[in-house]
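Structure, as structure tokens:
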Amino acid sequence: MPNKNDISRRNFLKWGGLAGGAVGLAGSALAGFESGRDTSSNTGWEREKYGHGQFFNRKPFEIDTSPHEIVGATRRINYEENIFNRNRDLYQLLHAKDETKRWTFKNGVEQLPEPIKSYYTQNPAALEEFKLALNRAKKQRTYWKDVKKKYILADAWSHAHASALYGKHGARFPDEPEGTPEEWDFRGIQHEPLPFKSPGHASELIKKIAYSFGATLVGITKLNPDWVYQGKLRGVGKTQFEVPKHWKYAIVFAIPHEWEAMYANPTYGTSYDAYSKLRWIGGKLDAFIRHIGYAARPHVPPTSYEIIIPPLAIDAGLGELGRNGIVITPELGANTRIAAITTNMDLEPDKPIHVGIREFCNKCKICADTCPSGAISFDDKPSYVSRGYKKWYVNQDKCLTVWNTVATSHPRGCRVCLAVCPYSRKNNWIHTLAREMDPRDPTGAVATAMLAMQKNFFEYPDAQEFLPQPDGSDATYHDGPEWLKTEEWCDFNTNWE
Amino acid sequence: MLLQSTIMGPLFWMLLGIIQLAFFVGLRLFFKDKGLQLSWFRWSLVAGWWLTTNITVAAAFTLIGENESRAGTYFLAFFGIGLLIGGAALWTFIKKPIKPVNK
Amino acid sequence: MNQLFTHKLTKGLALIGLCFCWLVGYYLNKSSQEQRLEPYMNGDNLTFESVTANIYSINDQASSYHLLATEAKGYGGIIQVIIKTNTAGIIDRVILGEHNETPSYLNKLINKKYLEQFENLPITDPNYFGSVNAISGATTSSTAIKNAVLLAAEEYNVEVLQQEAGQFKPTIMYQFGLAEVTAIALLLVYFLVRVIRKVPQKRMQQFATLISLILLGFVFNQSIGLSRLVGMLSGWLPPLAINLAFYLLLGSTLVIILWKKENFYCQWACPFGGAQNAISSLTNANKKMIHQLTWIPKLFTWLALAIAFLFRSPELTDYTIFSALFDFTAGDFIFILLAITMMTSIFLHRPWCRYLCPVGEIFNTLIAIHKAILPK
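And the structure:
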């Protein structure tokens with residue numbers, strides 16, 4: 002006679018098993034459906050081309066106040082306040098073909114032309130630093146000969162991306178402007194501007210188009226004239242100019258660097274992978290907008306800008322100000338390379354966001370600790386007033402000197418601060434948890450726990466170590482990707498040069 | 009990668025679900041054999057502990073997968089030891105008989 | 346009889362061995378200021394003269410300069426500080442020489458270019474030193490080095506320039522806070538329990554060590570570790586101002602060893618003991634003592650002390666795991682030791698205290714010696 006307990010246990014298993022089976026079947030159905038619907042199966046186009054790269058929901062964190070801390074009167078940024086503009090002018094003067102126009106450091110600041118004369122009179126340390134940078138560049142070329150074998154693949158990869166930027170006749174795509182913005186931005190327009198159902202519709206469409214061209218993040222904002230460089234207008238020349246009326250809105254888009262190479266900055270990573278992609282996206286978006294009847298002008302790297310883009314990206318709600326001056330986004334962290342299109346389309350702008358990134362920078366300081374040039378401020382809160390806006394002070398000139406020092410074939414960037422920022426993380430579940438929990442936590446406990454784990458579990462090279470020998474050891478945060486490490490693929494038996 | 013594979017991916021998750029379920033079936037029988045009676049509260053503590061352990065191991069190995077092996081190991085060691093101690097404490101707690109509620 | 350004699354002989358030899366290492370270490374590590382400054386005197390056709398014991402004037406082919414040797418009282422001991430000035434007293438560089446500090450703290454100073462702040466300051470003018478800012482996260486080390494420079498400046502001004510004394514006042518920050526209050530509170534608890542005796546002792550011990558775990562452990566990281574003890578035994582006293590809690594705990598322990606022949610620190614005040622107690626009570630760990638293992642802490646402590654004395658380096662052999670748990674700062678080996686200790690404490694009662702801890706070993710040895718000399 003079977004035991005009563007046996008019967009009830011068997012019954013339980015029977016019904017439980019059936020119920021479990023039903024659940025399992027439903028699970029299979031779900032898995033099947035997902036598999037068909039998910040765009041990650043669209044080979045070659047994957048998820049990012051449909052905007053899935055912008056996976057962070059910004060709606061709960063939009064703010065109506067300015068994302069910038071404004072202290073006193075603000076003004077437009079000047080042409081010479083961008084270090085590349087300054088250095089380019091100096092470099093051209095140092096190497097002027099016409100002997101009478103040539104300038105040397107011995108001539109002193111008085112013999113410089115405006116506007117850099119005023120700049121260097123007020124900032125003599127910057128001029129000294131540039132001199133140092135030039136000397137370092139010479140050493141860099143010599144040092145490269147010693148380390149070429151190790152980094153030649155990475156250098157070739159960088160060069161490949163860079164070669165897409167410039168050709169025989171200058172910038173390849175998009176073309177550099179010729180003539181006034183009123184002429185250039187409207188070129189090729191064949192018909193009336195397309196009548197959108199609403200500015201909201203126009204914004205949504207232009208974002209989808211931008212995604213289809215390869216943008217990871219897209220945001221729209223009204224153009225704040227303070228972000229327009231005063232003193233040089235592409236297509237016209239070095240001149241003072243009013244911000245053109247048709248530069249109404251800016252479409253700001255962002256992509257990350259290739260992650261594996263980026264984590265091994267400065268030697269294995271490059272700026273050019275992002276630069277070339279951004280130019281491609283910007284140029285296509287520019288052509289698209291003009292083809293539907295609106296004016297457009299791309300502002301793309303490395304130097305085709307009238308606008309300083311990071312604060313524009315902050316206005317567009319892409320991210321917040323970081324300690325190192327970069328706009329730090331929830332999806333990409335400091336691995337955010339940006340560009341913009343100015344247009345007269347009637348668009349609905351996005352709102353800036355507050356997700357706690359700026360507050361996190363107050364305590365973190367990992368970029369400041371790791372910066373090989375010590376250029377990043379260690380102050381807890383932003384204390385430097387730049388044209389009326391408060392930010393953390395970053396010494397541009399010291400930063401550039403390190404560009405001219407590290408073990409690359411020529412000065413092409415450092416980007417260590419991008420790699421070590423704790424926000425620069427890929428998209429998997431542990432980082433999603435952090436991304437979503439921290440902004441919603443009013444106590445700051447999540448941020449404190451994240452920072453404690455970041456500082457105690459993770460290892461960073463000392464700032465010095467990123468420099469070449471003998472000062473450092475050409476260190477990188479992560480090891481270089483195996484597909485860029487020459488020693489994985491090549492044997493140098495002979496005297497290879 | 010196994011999980012990105014179109015066939016093996018879904019199969020993996022289904023198998024994992026079955027295994028986790030089987031674990032709890034077995035655990036229940038195990039407690040029964042030890043003569044331990046568990047309330048719903050104690051079961052949820054056990055389930056919570058098991059869930060936390062799975063998540064901790066998964067997180068540690070995610071870090072290792074991201075080429076942050078030092079961080080992953082330290083994470084596992086730090087939280088893992090805490091979980092071991094917590095697990096031992098939980099085991100001591102479940103062994104205590106449930107006090108009957110006085111009405 | 347034979348066993349007792351062997352025991353006593355071993356203990357005697359161990360003690361003598363330690364004293365021997367201490368003496369050898371003393372003579373090996375004595376160096377004159379001249380030896381210390383030598384690495385910084387470089388150049389052709391070098392001549393130097395000693396202006397005072399710590400100040401040397403150097404002439405070489407390229408230049409003339411002064412080297413001032415001074416000492417900063419850091420956490421781990423003395424930090425040798427060398428100041429190079431030109432003949433007019435303008436500081437050229439400040440260099441750190443030998444030290445026993447935890448590398449991470451000094452690295453903070455180096456990374457944030459603390460020493461560069463002293464460059465081009467005149468050592469003859471006390472007003473300029475106000476502009477030197479301590480590095481946040483390493484304020485004690487920063488202040489220690491600044492005080493060392495001020496000390497050298499004082500000597501330079503008084504001895505060389507014949508100025509009046511007292512112009513360069515070092516900053517003494519007495520840190521009396523919650524950590525020190527906790528140390529006193531634990532002592533009070535001990536007295537109350539030992540005097541009143543109505544409250545069960547075991548419970549109060551658990552409670553006291555729990556408070557210690559939270560406050561002296563995780564909040565303040567103020568335990569008695571081996572390095573400060575060895576430092577004291579090597580003839581260097583950690584400065585009172587920044588080590589009040591340490592002195593309070595140590596002082597209380599020594600007094601109670603003398604008076605009651607009991608180990609106050611291990612039983613009532615040690616934060617790591619608190620951690621061990623907590624785990625043991627949560628997991629019902631086995632309280633039986635494994636006598637076969639009790640030789641381990643004796644051997645390890647003896648080796649740690651002997652080597653530390655020989656090389657006069659208190660940090661070198663400090664294998665205590667307290668900072669690893671409470672500050673997450675330690676070498677990889679210590680972290681592994683901590684992990685093993687924590688896992689073992691799940692099923693054994695206080696394994697670190699019983700089978701590894703050098704601090705407890707030292708205190709228990711003192712108690713044993715006291716009992717041997719005065720059995721009552």
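Protein chains in written order, with the numbering used here: chain A, 2 to 498; chain B, 9 to 111; chain C, 346 to 721. Where is the CB? At the ideal position from N, CA and C, for every residue including glycine.
Helix, strand or coil, according to DSSP, for residue i in the structure here?
i: residue 517/A; result: Given that chain A is displayed from residue 2 to residue 498, the structure contains no residue 517/A and the question cannot be resolved.
i: residue 43/B; result: coil
i: residue 416/C; result: strand
i: residue 61/B; result: helix
i: residue 569/C; result: coil
i: residue 24/A; result: helix
i: residue 25/B; result: helix
i: residue 172/A; result: strand
i: residue 167/A; result: strand
i: residue 511/C; result: coil
i: residue 631/C; result: strand
i: residue 295/C; result: Shown here, chain C extends from 346 to 721; a query on residue 295/C therefore has no answer.
Kindly indicate if chain F contains any beta-carbon less than 8 Å away from that of residue i.
i: residue 98/A; result: Absent from the structure is chain F; the protein chains it does hold are A, B and C.
Residues of chain C with a CB under 7 Å from the CB of residue i: which are they?
i: residue 92/B; result: 688, 691
i: residue 375/A; result: 458
Can you pull the chain C neighbours of residue i, defined as C-beta to C-beta under 8 Å?
i: residue 464/A; result: 456
i: residue 100/B; result: 627, 628, 629
i: residue 457/A; result: 673
Using a cut-off of 7 Å between C-beta atoms, extract the partners of residue i located in chain B.
i: residue 684/C; result: 85, 89
i: residue 50/A; result: By Cβ distance, chain B contributes nothing, its closest Cβ being about 17 Å from residue 50/A, past 7 Å.
Quickly, what does DSSP pair residue i with across the bridge? List them, please.
i: residue 299/A; result: 342/A
i: residue 429/C; result: 412/C, 438/C
i: residue 231/A; result: 79/A
i: residue 385/A; result: 392/A
i: residue 321/A; result: 329/A
i: residue 685/C; result: For residue 685/C, which the question treats as bridged, DSSP gives no partner whatsoever.
i: residue 467/C; result: 435/C
i: residue 424/C; result: 417/C
Name the chain C residues that come within less than 9 Å of residue i, Cβ to Cβ?
i: residue 96/B; result: 624, 627, 628, 629, 630, 691, 692
i: residue 493/A; result: Here the premise fails: no neighbours, minimum Cβ distance about 34 Å.
Between which two residues does the beta strand (DSSP E) harbouring residue i extend?
i: residue 394/C; result: 392-395
i: residue 223/A; result: 218-223
i: residue 254/A; result: 250-256
i: residue 1/A; result: Since the first residue shown for chain A is 2 and the last is 498, residue 1/A is missing from the structure and cannot be characterised.
i: residue 402/C; result: 400-404
List the residues of chain A that residue i touches, going by C-beta distances under 7 Å, in chain order.
i: residue 463/C; result: None at all; the shortest Cβ gap to chain A is about 16 Å.
i: residue 67/B; result: 431
Quick one: give me the first and last residue of the alpha helix (DSSP H) that residue i is part of.
i: residue 103/B; result: 77-103
i: residue 635/C; result: Note, residue 635/C: premise wrong, no alpha helix (DSSP H); not H, not E.
i: residue 447/A; result: 446-458
i: residue 368/A; result: 367-371
i: residue 427/A; result: Counting along the chain, residue 427/A falls outside any alpha helix (DSSP H), and DSSP gives it neither H nor E.
i: residue 501/C; result: Counting along the chain, residue 501/C falls outside any alpha helix (DSSP H), and DSSP gives it neither H nor E.
i: residue 122/A; result: 117-123
Using a C-beta to C-beta distance shorter than 8 Å, which residues of chain A count as neighbours of residue i?
i: residue 75/B; result: 264, 479, 480
For a contact defined as C-beta to C-beta under 9 Å, what are the partners of residue i on chain A?
i: residue 452/C; result: 463
Would you call the region 222-231 of chain A in contact with the region 183-201 of chain A, where contact means no fewer than 3 C-beta pairs closer than 8 Å? no
Three Cβ pairs or more, each shorter than 8 Å: is that satisfied between the region 381-392 of chain C and the region 488-499 of chain C? no
I'd like to know if the region 299-315 of chain A and the region 328-343 of chain A are in contact, where contact means that at least 3 CB-CB pairs between them fall below 8 Å. yes
Touch check for the region 369-382 of chain A and the region 283-294 of chain A: three-plus C-beta pairs under 8 Å? no
Between the region 635-651 of chain C and the region 558-569 of chain C, can you find at least three pairs of beta-carbon atoms closer than 8 Å? no
Across the region 706-716 of chain C and the region 665-677 of chain C, are there enough close Cβ pairs to call them in contact, namely three or more that are closer than 8 Å? no
Kindly confirm or deny that the region 474-489 of chain A and the region 263-270 of chain A touch, where touching means at least three C-beta pairs closer than 8 Å. yes
When the Cβ atoms of the region 566-586 of chain C are set against those of the region 625-640 of chain C, are three or more pairs found closer than 8 Å? no
Does the contact criterion of 3 or more C-beta pairs under 8 Å hold for the region 232-245 of chain A versus the region 452-465 of chain A? no
Any chance the region 610-621 of chain C sits against the region 551-564 of chain C, with 3 or more Cβ pairs inside 8 Å? yes
Given 8 Å as the limit, is there contact between the region 403-422 of chain A and the region 361-380 of chain A, that is, 3 or more CB pairs closer than that? yes
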